[in-house]
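Shown next, in structure tokens, is the structure this report addresses.
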């Protein structure tokens, strides 16, 4: 498919480049060309038979898609079912018993529901950790979603052998799906299992991702068990030799911050989840000043409960301002960088970060003609401080338009999918619905 | 206009009443009847010539509109122009110099822009404090918005005489517009001026509203100046004898909390603004437990920067959970009550609170058929934790549909209004646009 976007404002997210008016051409899943109206190439401008589709952007904004760097897509069944509860009660009383009844088929449909929501929020790729990665991968493949699977290995399910076979399977199969080594958390894996993960990481030269220091309690527990804080304990096993990162990282110590900086480990922050589960505020502004790369995730729909990068972006800047009691902390442009460019890098998707020639065509069209985007004085600030998923006109992944003005183009009847997921919830709750 | 909404789910917000399926009838600006499908009155059900319009809600949700209990509509011109700055630099360096160049005509158009945004977020009434209340009132009247004006009296502009004449003018003119006594803040009014306000309040038996204890600094300043914390100082002048309330109330002391409870004063919380300006977190869950009535406001677009009650609702519950480090703090249903019923009461709009016969028809239709609202397990939790303005299908005020599936029905060309406001910004900045 050759697609021409014209009459657009364009935010490429290249460093130092402001929004400009121009065109963007897509060819076979990649961006062929991006240029300003003052710099049009010969032969550009008019309609031409070379285009399969021409989109008049009507002076709205093209920008890179948002990268949701931590989620559990299959958990949509828990939305509004396990809220307003203390963490342990939430996990043990609600999440685990229902999860025990999930089938791979359930996860496939529940992940598809999450993909619809990503598209409404302009999210073009995710890092997903959940039970049965194959089911999530298939859901993403069938709908056209770009997904980095990461293992949720722990001492109770799965194994390092299985992770290795998944790694080899999903890093070959399709350009939309990638796979990262990982494990659930230091408190759900034995030391022996973690040593096996480290060994595999060395053999594959692959980075490792995990939940890390989400709550004070888990930090204390690991210190008591191993005599080291979680990040230092994992590093002592060699788990971060080839990089990787941690989800949440609310409670990193001074030494762990230095470790993250030195090794270039990603902090993937999940502010809505950290509030809703009363975990705390990750000191993201400080991480950024120290040179630790930060990306943003929604976490799963059980703990957030929505999959909306606009809400997360506002929270990243707003909570930094609160935490540092300084309204100048963490400006909007920096947050936008985390949510797009640095998110792509955390995912290892180096060709999905910017709007420039040769990059994958993962992009969104943002409606500037809604009252929350007016007047137009500073577009990045408009996006972060007053933007909303209601401003997402189009979401394109790998050169395909999957969402257009409220309609999904994902080869799936949306009403049927809603009914299917509602049926799964009914079955899990045993109410015969 | 007689309008029949059928095939709806209905959340009346009456205490103890769950969502049910049924119909709602509107007649001449008021709700004529609300009933469940199991309880239909004789002759109900079919099309009939008595209806001017029949709306098939397609199993989506009718509920009371949101009440934005603190805003400054005319400040839309400052969106994305004064962010990421410390508070004093923000006020003195950006806000005041630009405001000095505003005309009443400017405020009229800028307030109209804000009204469009309220409608997209399902907001059916506002408490508005800004320069030139007449301009804001006219904007609301011309567009059909319900507005409670509140005086922003201070020692530099306006006077108590003017407030009295505004009070008399706007509480007679039109059912859509009301007027409350108020003043900007204890730190911008002299003691003499405040005593005059108290005197007027006693003569009119009228409640008084003001910014109160938004920052630690202002609390300390007032204590130094008057030997009392702001709430107690104002009460010592008799300002709260007839009720009223405070915007923000981040730093109320123990004695002030007791004062608020005893006098039934409203705390109107503005969580996004308090984060963005690094003011702090108001202890709303504690206020609520003590029996202090809480309502929610967006604050103005200069300090938020959007006018979106979904964002505020999430923040009220999420920040309570953080502040109390307890995920069970402040459940969703309570927040929804603040944002609708108690907001209406804070405004003195006792006939705009619930969906029941005889109440004003200020209501919204919420799209449940978007992925963020699926599966449907608990609708109030869906609204507060995963809802978004993108779910607002319709906003009706006083029986008139003003917003319907993205289109505004407000007698105003939206593109022309955007251009007008953009022009005002250009003129204020002196760039000749």
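Protein chains in written order, with this note's numbering: chain A, 46 to 478; chain B, 46 to 478.
For every residue, glycine included, the Cβ atom is placed at its ideal position computed from N, Cα and C.
| Item | Value |
| --- | --- |
| Cross-chain neighbours of residue 21(A) in chain B, by beta carbon under 8 Å | The question about residue 21(A) has no answer here: the residues shown for chain A are numbered 46 through 478. |
| Contacting positions in the region 118 to 132 of chain A - beta carbon closer than 8 Å to chain B | 121, 122, 124, 125, 126, 128, 129, 130, 131 and 132 |
| Close-in-space but distant-in-sequence residues of the same chain around residue 346(A) (CB under 7 Å, 5 per side omitted) | 120, 121, 123, 124, 159 and 352 |
| Anticipated Cβ contact below 8 Å, residue 227(B) with residue 197(B), distance rounded | 7 Å |
| Per-residue DSSP class, three states only, for residue 201(A) | coil |
| N-terminal and C-terminal residue of the alpha helix (DSSP H) that residue 239(A) is part of | 236 to 249 |
| Rounded separation between residue 302(A) and residue 295(B) - CA only | 32 Å |
| CB contact flag (residue 55(A), residue 98(A), <9 Å) | no |
| Under 7 Å from the C-beta of residue 426(A): neighbouring residues of chain B | 125 and 128 |
| Cβ pair count under 8 Å reaching 3, the region 67 to 80 of chain B against the region 452 to 465 of chain B | no |
| Neighbourhood of residue 288(A) by C-beta, 7 Å cutoff - its chain only, sequence neighbours within 5 removed | 252, 308, 309 and 310 |
| 7 Å CB neighbourhood of residue 140(A) in its chain, flanking five on each side removed | 123, 127 and 347 |
| Inter-residue CB distance, residue 318(B) and residue 349(B) (contact presumed, cutoff 8 Å) | 5 Å |
| C-beta neighbour in chain A for residue 442(B), strict 9 Å | no |
| Separation of residue 81(A) from residue 57(A), as counted between CA atoms | 11 Å |
| Span of the beta strand (DSSP E) around residue 52(B) | 47 to 55 |
| Whole-number beta carbon distance between residue 186(A) and residue 147(A), since they are thought to touch under 8 Å | Their Cβ separation, rounded to whole angstroms, is 20 Å, which puts residue 147(A) and residue 186(A) out of contact at 8 Å. |
| Residue burial classification, residue 405(B) (beta-carbon count within 10 angstroms, cutoff 16) | buried |
| Anticipated Cβ contact below 8 Å, residue 362(A) with residue 341(A), distance rounded | Contact flag wrong, Cβ pair sits at about 11 Å. |
| Closer than 8 Å at the beta carbon, the chain B residues around residue 422(A) | 124, 125, 126 and 470 |
| Chain D within 9 Å of residue 326(A), Cβ atoms only | Absence of chain D from the displayed structure is noted, the protein chains being A and B. |
| Distance between residue 173(B) and residue 344(B) (C-alpha atoms, nearest Å) | 9 Å |
| The region 325 to 341 of chain A / the region 379 to 389 of chain B touching (three or more Cβ pairs under 8 Å) | no |
| 9 Å Cβ cutoff, residue 351(B) in contact with chain A | yes |
| Exposure of residue 95(A), with buried meaning 16 or more beta-carbon neighbours within 10 Å | exposed |
| Cα-Cα separation, residue 214(B) to residue 249(B) | 14 Å |
| Identified DSSP bridge partners for residue 68(B) | 80(B) |
| Below-9 Å beta-carbon distance, residue 173(A) vs any chain B residue | no |
| Complete beta strand (DSSP E) runs within the region 138 to 216 of chain A (minimum length 3 residues, chain order) | 168 to 173 and 191 to 195 |
| Residue interval of the beta strand (DSSP E) (run including residue 101(B)) | 98 to 101 |
| Residues, ordered as in the chain, of the region 395 to 422 of chain A that lie near chain B by beta-carbon distance below 8 Å | 414, 415, 416, 417, 419, 420, 421 and 422 |
| From 51(B), 59(B), 76(B) and 62(B), residue whose alpha carbon lies closest to that of residue 402(B) | 76(B) |
| Integer Cβ distance of residue 155(B) from residue 466(B), believed to fall under 8 Å | 6 Å |
| Amino acids of chain A, ordered along the chain, whose beta-carbon sits closer than 9 Å to that of residue 102(B) | Those within 9 Å of residue 102(B) in chain A number zero; the least Cβ separation is about 16 Å. |
| Nearest residue (CA-CA) to residue 422(B), options 378(A), 470(A), 180(A) and 201(A) | 470(A) |
| Close-in-space but distant-in-sequence residues of the same chain around residue 84(B) (CB under 6 Å, 5 per side omitted) | none |
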